[in-house]
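To start, the structure under review is shown below, and the notes come after it.
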Amino acid sequence: MNDDFDDLEARLKKADVSQPVVDSAVLETATTSKTLKLPNPRAFRFGLASVASLAALAVFSTTLPQPGPTIQLASSGFAAESSAEDSMIADGFPGWLTSYEYTPSTDLSTDGSRGAVYELSLNGDPRARLQDFASLFGEQGRVQLEDYSTDFFPSYYLQTDDSYFSLRWHGSAMINYSSKRNWLPDECYQREEQELLQSDPDSIEECRPLPVVELPSEQVLREQAYELISAAGYPGTKQDLEINRYQWGAEASAAISANGEETAIQWYVSWDQTAQISNVSGHLATIEYVGDYDTISPVEAVDRIQDGYWFGVPASSNYEEGIMESDLQVSSENISESTPEDFNDSEPIPTEPFPEPGEFEQETIEVTVGSAKTVTLLLEDANGKGWLVPGYLLQTNQGWFESVISLQQGVIQPPTSETVQ
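Sequential numbering from -10 applies to the sequence shown in my numbering.
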């Protein structure tokens, strides 16, 4: 022990330590200055660490872009519900499917832009909100989960003797009311009325629809619809409601806008032939602005069509022109010229056995995209969360359009094997 101490003492004596000269003013200041009070030494250390962390964060923020929302796309619903039998059908009969190959025209823009992203937030307890909705119709009952409800896509219903209510607590949180006033017994839907008369003659009266009455004026219908849906959560104005009156009933509808841009989020009210409200639907999600983000060009968007998962739902008004020009419209003049004999004498539809895999060559149709319209699209991600995102309506030379999300990849991601819904 002594030998160790003697060795240490000898080493200290050999050390060349220069003593600093301390000025007398320094000593005077040190003895007269106030003592720095640190009530909590841990807090002092935490403060130093926080300053260091903020400095590091500042450097990190300048070197990396600010994060955006994380939108993980889901693949088509067929993938989620596919079974071995479905796969056999899809693999066994590819020849019955027509393949489309999309090509952008030379007039299509190659420039990207920026677009707004909105998150759809769900607030409150879904069971309580469905019960509140039912109370607007004077109904109450027990809220239950639908049979098809899942963790990511929960769906609820409340049923009474007179009404059926439902709420999909995901995406835009669609809520619905249906009256049972016009619901007929199952026996009433038999193909032949004669069969019903023979089986139960007394039940024919139960199968007669309710009588048709005169509908109120457009102004009265608008007042009724607005009073009801505004209490349910409709955020629009009375003037936004579009009213249509028909011989069998009427309907009111209004699309919700995000920053002046019409969306697929729509409220709807219908009246039956007795002038009573028969159906109401709306969306309970709150639209919250997230930010503006870069978008791809229309030409790049054409390449996304083939993937099958870059799609969103546009506002319903975008479909009106397509419906009017639909090839499914049939001329009444042609129908009146046809007789039952004409149909009876027509050639029967030929039936052929299904081809074996590989026997039938798949037909490919070339489709050209000639123009693009910038729109806001509604989508649900792989976790059931709803979003409003920028997109394009790509008009084709075949008479239809494709709705494609235009956000650049990064803020939005393609589906993975783990996010197939």
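C-beta: ideal position from N, C-alpha, C; glycine also.
Here the structure is a predicted model, which means the values were calculated and not measured.
{"Item": "Straight-line Cα distance separating Thr92 from Ile354", "Value": "11 Å"}
{"Item": "C-alpha gap between Thr405 and Ala241, whole angstroms", "Value": "40 Å"}
{"Item": "Inside the segment 183 to 249 only - beta strand (DSSP E) runs reaching at least 3 residues", "Value": "231 to 234 and 239 to 247"}
{"Item": "Exposure of Arg131, with buried meaning 16 or more beta-carbon neighbours within 10 Å", "Value": "exposed"}
{"Item": "For Arg118, the three-state DSSP class (helix, strand or coil)", "Value": "helix"}
{"Item": "Close Cβ partners of Ile401 (< 6 Å) along its chain, the five nearest in sequence each way excluded", "Value": "Ile60"}
{"Item": "Run of the alpha helix (DSSP H) containing Glu90, from where it starts to where it stops", "Value": "No alpha helix (DSSP H) holds Glu90; the beta strand (DSSP E) holding it covers Ser88 to Pro93."}
{"Item": "Contact under 7 Å by Cβ, Gly375 with Gly104", "Value": "no"}
{"Item": "For Asn386, the nearest candidate out of Trp237, Pro58 and Tyr89 (CA to CA)", "Value": "Tyr89"}
{"Item": "Rounded separation between Pro447 and Ala247 - CA only", "Value": "Given a span of -10 to 410 for the chain in the structure shown, any question on residue 447 remains unanswerable."}
{"Item": "Chain-order list of residues whose beta-carbon lies under 8 Å from that of Ser98 (same chain, five-residue window excluded)", "Value": "Ser286, Pro287, Val288 and Ala361"}
{"Item": "Close beta carbons around Arg31, own chain, < 7 Å, minus the five adjacent residues each side", "Value": "Note on Arg31: pLDDT 33, under 50, position unreliable in the model; no value is reported."}
{"Item": "Span of the beta strand (DSSP E), counted from its first residue to its last, around Pro379", "Value": "Gly375 to Thr385"}
{"Item": "Whole-angstrom distance between Tyr298 and Leu111, CA atom to CA atom", "Value": "24 Å"}
{"Item": "Start-to-end residues for the alpha helix (DSSP H) that takes in Glu289", "Value": "Pro287 to Ile294"}
{"Item": "Sufficient close CB pairs (3 or more, under 8 Å) joining the segment 114 to 133 to the segment 150 to 167", "Value": "yes"}
{"Item": "Pairwise C-alpha distance: Val202 and Tyr381", "Value": "44 Å"}
{"Item": "Continuous beta strand (DSSP E) stretch holding Phe390: start and end", "Value": "Phe390 to Ile394"}
{"Item": "Whole-angstrom distance between Leu204 and Cys196, CA atom to CA atom", "Value": "23 Å"}
{"Item": "Buried or exposed (CB count within 10 angstroms, at least 16 for buried), Thr95", "Value": "exposed"}
{"Item": "For Leu377 and Thr365, believed in contact at Cβ under 8 Å, the rounded distance", "Value": "5 Å"}
{"Item": "Outcome for Val106 when other beta-carbon atoms lying within 10 angstroms are tallied against a minimum of 16", "Value": "buried"}
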